[in-house]
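Asks: Next up is a structure, given as structure tokens.
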Amino acid sequence: MTQTSSPAGIFRLNRNDLPALKAAATELGQAFFVVDLSRARNVPGFIKAMQRDLAFPEWFGGNLDALLDCLTDLSWHPAPGYIIVLSESDALKAMPTSLAALNEVLSCAVDAWNKRGIAFRIFYLQDAAA
1 MTQTSSPAGI FRLNRNDLPA LKAAATELGQ AFFVVDLSRA RNVPGFIKAM QRDLAFPEWF
61 GGNLDALLDC LTDLSWHPAP GYIIVLSESD ALKAMPTSLA ALNEVLSCAV DAWNKRGIAF
121 RIFYLQDAAA
């Protein structure tokens with residue numbers, strides 16, 4: 001996880017705070033995505049969910065390298081910043097090896113955007129009690 005003073009990072013978000021985050025993103029003109037991971041049980045499932053909910057372009061290759069390429073480009077969604085909320089990730093959290101591989105890709109994307117000084121935040125949505 002990165003520091004909150006950075007324009008990019010990976011964070012946890014209480015489900016109750018989701019409407020306020022979406023409103024803030026809208027006010028700032030940032031692209032806002034919610035990725036439904038309820039059917040993602042492994043890396044390929046996560047990749048398919050990201051492809052679907054971020055509307056990746058036709059040239060998307062469907063693997064971790066292509067995922068990183070798309071997450072660090074996003075030219076088909078031009079915006080001054082990006083917020084991606086990952087919801088229903090419990091099944092992935094039960095697969096530590098898959099989750100580690102995915103978090104590595106997400107961290108690399110965060111680093112790439114951070115170097116550009118562009119807001120790029122990923123939030124794992126969680127219930128209040130979590």
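Quick note, in UniProt numbering, the sequence shown goes up one by one and the last residue is 130. Backbone N, C-alpha and C define an ideal beta-carbon position, used for all residues, glycine too.
Based on the DSSP secondary-structure assignment, which residues constitute the bridge partners of D36?
Replies: S87
Asks: Given this structure, state the Cα-to-Cα distance separating F60 from R121, to the nearest angstrom.
Replies: 21 Å
Asks: When burial is assigned at 16 or more other CB atoms within 10 Å of the CB, is F46 buried or exposed?
Replies: buried
Asks: Please work out which residues of its chain come closer than 6 Å, Cβ to Cβ, to M1, disregarding the five sequence neighbours upstream and downstream, and give them in chain order.
Replies: Residue confidence for M1 is low, a pLDDT of 35 falling below 50, so the modelled location carries little weight; the figure read from the coordinates is stated next. Closer than 6 Å at Cβ, skipping near neighbours: I10.
Asks: Roughly how many angstroms separate the alpha carbons of A101 and S107, rounded to a whole number?
Replies: Roughly 10 Å separates the two Cα atoms.
Asks: How is the alpha helix (DSSP H) around F46 delimited, first residue to last?
Replies: V43 to D53
Asks: Considering only DSSP beta bridges, list what residue 163 is partnered with.
Replies: With the chain represented from 1 up to 130, any question about residue 163 goes unanswered, as that position is not in the structure.
Asks: Using 8 Å for Cβ pairs, my map puts V105 next to L54. What's the rounded Cβ distance?
Replies: Not really, about 13 Å apart at Cβ, beyond 8 Å.
Asks: Are there 16 or more other CB atoms within 10 angstroms of the CB of W113, so buried, or fewer, so exposed?
Replies: Flag for W113 reads buried.
Asks: Which residue or residues does DSSP assign as beta-bridge partners of R121?
Replies: G9 and I83
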